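When the letters of the sequence shown are read in order and numbered with the UniProt record's numbering, they come out as residues 1 to 362. The beta carbon of each residue, even a glycine, is placed where N, CA and C say it ideally should be. Quick caveat, the model's predicted, so the values are computed rather than measured.
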Amino acid sequence: MEDKVILKLADAALKGDKNIGHMAVRQLASKVRTVNTSLYQKLTDRLQAFALRGIDANHKPLPVDSDTRQSLVRVEDPVVIDHEPIYSTDVGEAIEQILLERHHVEELMKEGLLPARSVIFQGAPGLGKTISARWLAKSLNLPLLTLDLATVMSSFLGKTGSNVRAVLEHAMSFPCVLLLDEFDAIAKRRDDDRELGELKRLVTVLLQAIDEWPSSSLLIAATNHGELLDPAIWRRFDIEISFPMPSLETIEKYLEEYWPEEASDGRAAKHFAGMSFSNIDRELRQAKRERVISSFNRRFNSDSFDEMQLPVDTELKSLSRDEKNKWIIKLFKEGESQRTIAGKVGFSRPTVKKVLEDNFLL
1 MEDKVILKLA
11 DAALKGDKNI
21 GHMAVRQLAS
31 KVRTVNTSLY
41 QKLTDRLQAF
51 ALRGIDANHK
61 PLPVDSDTRQ
71 SLVRVEDPVV
81 IDHEPIYSTD
91 VGEAIEQILL
101 ERHHVEELMK
111 EGLLPARSVI
121 FQGAPGLGKT
131 ISARWLAKSL
141 NLPLLTLDLA
151 TVMSSFLGKT
161 GSNVRAVLEH
171 AMSFPCVLLL
181 DEFDAIAKRR
191 DDDRELGELK
201 RLVTVLLQAI
211 DEWPSSSLLI
221 AATNHGELLD
231 PAIWRRFDIE
241 ISFPMPSLET
251 IEKYLEEYWP
261 EEASDGRAAK
271 HFAGMSFSNI
281 DRELRQAKRE
291 RVISSFNRRF
301 NSDSFDEMQL
311 PVDTELKSLS
321 RDEKNKWIIK
331 LFKEGESQRT
341 IAGKVGFSRP
351 TVKKVLEDNF
361 LL
């Protein structure tokens, strides 16, 4: 047996580090595979049992705030996404590298390496940081746990640190992807005199957790304000990914994938230049709502409809249901009350109200 493997096993035992021990056992199994099949099988059985115990831990109760009893994490399992996120070339390559490392864990461990365990996303809001975390969880077939910042942050000294620690310990106990969104809220610079000592102590908790994070899980931190983070935080993450504002080419791809009806207009991408994905979505959804309402108004405000003459009550009550519905809309627009309309068309007042609601008039 090589000295390096023996030393790694010794380090794991002395430090109580599961990651080092797990990697050393895998390396040992690889080396004895052809010379000692019996030992190889026993080591393999232990590795499988270790993996199963990690999966069983997924059924542990979620951590909750001791005062409010509210859950400290939101769980998405399975993660459902219809479309792969649209990235710039650099971001796409970085995301693909994370997935490749996770899919080739055995090869990395044989060389004494681990896949990236922690990633930090930075960039302005609406550029795809959260959906990228969801996509990684989906691609790795792992549950996504998201720190619920509103519940975690407590007004009681010491509680916030305890809450964050509970979330981290829970996520480290089984394979998953943990997203620490709005990371700057809990990992601010320790030299910021405006912050309470409680938040400064949080940084120490986070530094320790990142260092001890298991290779079976992926830790993702996302921040809109990287300048607020403690400098020591940056050095702890294996990978740093910056999300830029989308280029015209990226916007075109985004429209083709998510808004194909808009992509047919070659001028659309230029119109959205300098905007984030979320702002593009918001503007397109608003435009679509306006088109729907405009279409409705044209349908019920045509000249021929406006010129319709109201028949006498007996004739109105004998009309078909569809014709009565049109008169309900016309009379309502002319200022008649629902009660009066109901009497004229021979419908109940709730039926009149339902017709108006169905046509966006209430």
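The C-beta distance from L149 to V177 rounds to 17 Å, too long to meet the 8 Å contact threshold. Assigned with DSSP and collapsed to three states, S242 falls in strand. Using a 10 angstroms sphere on the CB of D184, the tally of other CB atoms reaches 16 or more, which defines it as buried.
Judged by DSSP secondary structure, E357 falls outside any beta strand (DSSP E) and instead within the alpha helix (DSSP H) spanning 349-358.
Straight through space, the alpha carbons of T250 and D358 are spaced by roughly 39 Å.
Separation of the CB atoms of L43 and L62 is rounded to 34 Å, and the pair is thereby denied contact status at 8 Å. Straight through space, the alpha carbons of P350 and V80 are spaced by roughly 39 Å. Between the region 107-119 and the region 231-243 there are three or more C-beta pairs closer than 8 Å, enough to call the two in contact. Counting other Cβ atoms within 10 Å of its Cβ, K270 stays below 16 and is therefore classed as exposed. A Cβ-Cβ contact shorter than 7 Å links V75 with L145. Distances from the alpha-carbon of R321 to those of K159, V352, P78, T89 put V352 closest. One alpha carbon belongs to L180, the other to G226, and they sit about 14 Å apart. Following the DSSP letters along the chain, one finds F121 in no alpha helix (DSSP H) but inside the beta strand (DSSP E) bounded by residues 118-122. Shown here, R285 sits in a helix according to DSSP, grouped into three states. For T130, the enclosing alpha helix (DSSP H) starts and ends at 129-140. Nearest neighbour of I280 by Cα position, chosen from G128, H104, R69, turns out to be G128. Shown here, S71 sits in a strand according to DSSP, grouped into three states. Contact between V167 and L202 is absent: CB atoms are separated by about 12 Å, not below the 8 Å threshold. Here DSSP, grouped into helix, strand and coil, assigns E227 to helix. For the pair P214 and A287, the Cα-to-Cα distance works out to about 46 Å.
For L180, the enclosing beta strand (DSSP E) stretches over residues 177-180. In the three-state DSSP reduction, T146 falls in the strand class (E or B).
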